[in-house]
Amino acid sequence: MELQDNVPRWTPSPNRSPHRRQESETDNESVTYSQDDIPFNNNNPTKNFPFSNSPPPHIATIEAPSLRVDSEIKRFLEMEKYEAPPIFREEIKGNSTTTGFAYEVVPFNTGGGNEGIYLTWKDLWVTVPDKKTGRRAILQGLTGYVQPGQVLAIMGPSGCGKSTLLDTLAGRLDSNTRQTGEILVNGRRQALAFGTSAYVTQDDTLMTTLTVREAIYYSAQLQLPDSMSRSEKKERAEATIREMGLQDAMNTRIGGWSVKGLSGGQKRRVSICIEILTRPKLLFLDEPTSGLDSAASYHVMNRIVQLAKQDGRTVVASIHQPSSEVFELFHNLCLLSSGRTVYFGSISAANEFFALNGFPCTTMRNPSDHYLRTINKDFDAMLAVVVAVLDGCGT
281 MELQDNVPRW TPSPNRSPHR RQESETDNES VTYSQDDIPF NNNNPTKNFP FSNSPPPHIA
341 TIEAPSLRVD SEIKRFLEME KYEAPPIFRE EIKGNSTTTG FAYEVVPFNT GGGNEGIYLT
401 WKDLWVTVPD KKTGRRAILQ GLTGYVQPGQ VLAIMGPSGC GKSTLLDTLA GRLDSNTRQT
461 GEILVNGRRQ ALAFGTSAYV TQDDTLMTTL TVREAIYYSA QLQLPDSMSR SEKKERAEAT
521 IREMGLQDAM NTRIGGWSVK GLSGGQKRRV SICIEILTRP KLLFLDEPTS GLDSAASYHV
581 MNRIVQLAKQ DGRTVVASIH QPSSEVFELF HNLCLLSSGR TVYFGSISAA NEFFALNGFP
641 CTTMRNPSDH YLRTINKDFD AMLAVVVAVL DGCGT
């Protein structure tokens with residue numbers, strides 16, 4: 281009996297709690313790094329990968345480790361030919377301190393009332409109560425950003441903190457959780473205003489007795505402003521239904537455990553329809569492709585990406601093992617494992633990052649499958665037991 285080819289695995293370095301990290305900040309403040317430093321050793325690629333106490337690799341095509349958010353914003357504004365007024369705000373800018381980031385006041389264009397939403401987060405920690413240790417960290421020192429017109433994919437094994445990160449950015453954490461770090465909306469510490477953001481949950485909460493047309497039309501009546509006429513609201517509802525490919529099921533009941541109705545994938549698309557009725561500038565999606573086949577997943581995500589580009593929306597989506605076609609639709613990737621960042625950067629540069637660390641993705645293989653299999657250690661103990669049993673049987 282032959283086992284599947286071994287895949288190289290990384291071994292994470294010990295966790296650093298926020299308290300221990302604060303104690304050691306003073307001792308490490310004088311340490312500086314050159315742009316040419318390579319913090320990993322190619323002779324032993326699995327050592328401390330992907331977590332290390334040294335700074336992240338400086339790869340020319342990957343701007344995410346240094347989080348040059350100000351340069352990204354300026355380049356975006358230049359492409360759109362905006363003229364920046366003399367207004368200042370706080371923004372994240374990299375330097376050589378222990379945390380790797382500091383605040384610096386830089387010019388920024390407000391863009392008027394139709395501006396997009398730049399969402400940035402820095403050194404984000406989320407902890408929950410634990411009977412043994414008092415508090416247990418779910419997210420550990422995450423930093424990242426997403427800008428208008430782009431879609432950020434949050435990926436990782438089950439239980440890595442994808443939904444927790446999404447809930448934290450959207451301000452939906454439970455009362456028993458504790459959050460530290462900073463979340464900036466357009467460079468300012470402020471709560472998301474009503475109507476500027478929408479959140480599509482992982483579980484569908486729909487009225488089972490309504491048809492698709494009724495559910496979305498009633499939602500349009502409640503959410504859309506009074507300045508829109510009844511006919512305009514009805515037209516918006518029907519246009520949104522067509523965008524999600526539900527025109528053939530408009531008169532079908534949603535259904536539930538006691539009433540036969542839509543499939544799971546169709547219910548997911550109805551949930552998305554309800555949330556994008558108001559055309560929010562910031563959209564959070566918690567595993568939007570759950571229950572969809574590969575073709576439906578591609579069409580749904582392709583439509584969301586198109587809406588983000590056309591309307592300058594900012595989209596953050598957690599997604600679990602997408603197909604290669606869906607994976608290529610995203611602009612940036614946030615790859616998590618055990619609540620820590622493995623990789624943050626562009627989709628196109630992820631292959632280079634893994635290859636330079638000794639984990640190249642072979643051709644004709646889905647990159648997302650390769651990344652998740654490389655960083656997933658949930659089944660390593662079981663695999664070791666199977667190998668020991670087979671060795672004892674002499675096979």
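Each residue of the sequence shown is one higher than the last, beginning at 281 in this note's numbering.
Where is the CB? At the ideal position from N, CA and C, for every residue including glycine.
Supposed contact pair residue j and residue i - C-beta distance, whole angstroms, cut 8 Å
i, j, result
"TYR508", "ALA495", "In the sequence as displayed, the identity of residue 508 is Met instead of Tyr. That pair is no contact at about 18 Å."
"ASP560", "SER477", "The sequence shown places Pro at residue 560, not Asp. Contact holds; Cβ gap of about 5 Å."
"VAL595", "LEU565", "7 Å"
"LEU404", "GLY461", "4 Å"
"THR448", "VAL480", "Their Cβ separation, rounded to whole angstroms, is 16 Å, which puts THR448 and VAL480 out of contact at 8 Å."
"GLY544", "GLY571", "4 Å"
"SER603", "SER577", "7 Å"
"ALA500", "LEU557", "5 Å"
"MET634", "PRO640", "For clarity, residue 634 is Phe in the given sequence; the question names Met instead. Between PRO640 and PHE634 the Cβ distance is about 7 Å, and since that is below 8 Å, they are a contact."
"GLY441", "ILE418", "5 Å"
Three-state secondary structure assigned by DSSP to residue i
i, result
"ASP350", "In this prediction, ASP350 has a pLDDT of 46, which is less than 50 and means its spatial position is unreliable; what the coordinates show is noted afterwards. Residue state, collapsed to three classes: helix."
"VAL311", "Caution is warranted here: a pLDDT of 42 is assigned to VAL311, below 50, making its placement in the model unreliable, and the coordinate value is therefore given only provisionally. Coil at VAL311, not helix or strand."
"SER443", "helix"
"ASN612", "strand"
"ASP483", "coil"
"THR448", "helix"
"ALA529", "helix"
"ALA478", "strand"
"SER570", "coil"
"LEU563", "strand"
"ARG468", "strand"
"SER617", "strand"
Extent of the continuous alpha helix (DSSP H) run through residue i
i, result
"LEU652", "647-655"
"VAL585", "574-591"
"THR520", "510-523"
"ALA500", "492-503"
"SER234", "There is simply no residue 234 to check, as the chain begins at 281 and stops at 675 in what is shown."
Span of the beta strand (DSSP E), counted from its first residue to its last, around residue i
i, result
"VAL426", "414-426"
"ARG620", "620-626"
"ARG458", "458-465"
"LYS402", "399-410"
"LEU542", "Counting along the chain, LEU542 falls outside any beta strand (DSSP E), and DSSP gives it neither H nor E."
"ILE534", "Segment: none, ILE534 is in no beta strand (DSSP E) and carries neither H nor E."
"ILE434", "431-435"
"THR643", "Neither: THR643 is in no beta strand (DSSP E) and is coded neither H nor E."
"SER598", "594-598"
With 16 other Cβ atoms within 10 Å as the buried cut-off, status of residue i
i, result
"ASN456", "exposed"
"ASN531", "exposed"
"ASN582", "exposed"
"GLY439", "exposed"
"ILE655", "buried"
"GLU512", "exposed"
"ILE520", "Note on identity: in this sequence residue 520 is Thr, with Ile being the wrong assignment. It is buried - the Cβ of THR520 has at least 16 other Cβ atoms within 10 Å."
"GLN546", "buried"
"VAL539", "exposed"
"THR643", "exposed"
"GLN430", "buried"
"ARG416", "exposed"
"LEU502", "exposed"
"ASP484", "buried"
"THR423", "buried"
"THR621", "buried"
When the options are compared against residue i, the one with the closest alpha-carbon
i, options, result
"GLY525", "GLY535, GLY451, ARG548", "ARG548"
"ILE552", "PRO505, PRO428, ALA597", "ALA597"
"SER618", "PRO437, THR423, VAL539, ASP528", "PRO437"
"LEU446", "GLN482, GLY467, PRO428, GLN470", "GLN482"
"LEU615", "THR407, PRO647, GLN427", "PRO647"
"PRO568", "ARG468, LEU562, HIS650, ILE599", "ILE599"
"THR489", "SER603, GLY535, THR423", "GLY535"
"PRO409", "GLN459, ARG516, LEU652", "GLN459"
"ASN612", "PRO602, SER626, GLU605", "SER626"
"HIS579", "LEU562, GLU608, PHE474, HIS650", "GLU608"
"LEU464", "ILE418, LYS412, ILE397", "ILE397"
"PRO428", "ILE584, ILE418, ALA588", "ALA588"
"ALA433", "VAL585, GLN590, PHE633", "VAL585"
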